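Colleague: Take the sequence shown: its position 104, counting from 1, is numbered 159 in the working numbering, and each next residue is one higher.
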Amino acid sequence: VGSMQAHGWICQLSFGFFYPIGFTLIFASVLVRTWRLYRIFIHYLDPGIFINEKFLITVICCMVGVNILIGIVWSAIDPFVGAYICVRITEDSDGLLVNEVIVTCNTKNNFLWAPLVFGYM
Numbered sequence: 056v057g058s059m060q061a062h063g064w065i066c067q068l069s070f071g072f073f074y075p076i077g078f079t080l081i082f083a084s085v086l087v088r089t090w091r092l093y094r095i096f097i098h099y100l101d102p103g104i105f106i107n108e109k110f111l112i113t114v115i116c117c118m119v120g121v122n123i124l125i126g127i128v129w130s131a132i133d134p135f136v137g138a139y140i141c142v143r144i145t146e147d148s149d150g151l152l153v154n155e156v157i158v159t160c161n162t163k164n165n166f167l168w169a170p171l172v173f174g175y176m
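1) By the three-class DSSP mapping on this structure, what secondary structure does Leu152 have?
2) What whole-angstrom Cβ distance do Asn154 and Ile144 have, given they're in contact under 8 Å?
3) Taking only the alpha-carbon atoms, compute the straight-line gap between His62 and Leu167 and give it to the nearest angstrom.
4) Taking DSSP as the reference, what is the three-state secondary structure of Tyr175?
5) Could you work out which residue in Ile115, Cys66 and Ser69 is closest to Thr89 when comparing CA atoms only?
6) Please report how far the alpha carbon of Gly150 lies from the alpha carbon of Lys163, in whole angstroms.
7) Where does Tyr139 fall in DSSP's three states?
8) Can you give me the C-alpha to C-alpha distance between Thr113 and Val119, rounded to a whole angstrom?
Below is the structure:
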């Protein structure tokens, strides 16, 4: 079992940054591609409409930037705290005690941050 401080950092990186950014990268790319197809088929009679790839990538980067900003504010105001919950203690065949634990990640104001992150996405 690792230290609680290291586990807190892992929780912060996972739930504050990696999961929201991964979710945004997947669904923002789908959203941007769908929007591009919409624009192409709506303006098919106007050949002057051109959608630049740099613009699409900029939209995705802006969405990821908002997630990073929310993650930074979240980690500064209300950082994640890791906790171990003991499930059971058993004895194995060699007579050693085995402590089975569940590792959890919590914040004090989870009811505030979760709707903000998932509502944005």
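Cβ atoms here follow ideal geometry from the backbone N, Cα and C, with glycine treated the same way. Keep in mind the model is a prediction, meaning the values are calculated, not measured.
Modeller: Result, derived from the coordinates:
1) The count along the sequence shown starts at 1 and reaches residue 152 at position 97. Correct three-state label for Leu152: strand.
2) Here residue 154 refers to the residue found at position 99 of the sequence shown. Here residue 144 refers to the residue found at position 89 of the sequence shown. Between Ile144 and Asn154 the Cβ distance is about 5 Å, and since that is below 8 Å, they are a contact.
3) Taking the first residue of the sequence shown as position 1, residue 62 is located at position 7. Taking the first residue of the sequence shown as position 1, residue 167 is located at position 112. C-alpha separation (whole angstroms): 22 Å.
4) Your numbering for residue 175 matches position 120 in the sequence shown. If DSSP states are grouped into helix, strand and coil, Tyr175 belongs with the helices.
5) To locate residue 89, count along the sequence shown from 1; it is residue 34. Of the candidates Ile115, Cys66 and Ser69, the one whose C-alpha sits nearest the C-alpha of Thr89 is Ile115.
6) Residue numbering aside, residue 150 sits at position 95 when the sequence shown is read from its first letter. Residue numbering aside, residue 163 sits at position 108 when the sequence shown is read from its first letter. About 39 Å.
7) Against the sequence shown, residue 139 aligns to sequence position 84. Of the three classes helix, strand and coil, the one that applies to Tyr139 here is strand, per DSSP.
8) Position 58 of the sequence shown, counted from the first residue, corresponds to residue 113. Position 64 of the sequence shown, counted from the first residue, corresponds to residue 119. Each residue's Cα considered, the two are about 10 Å apart.
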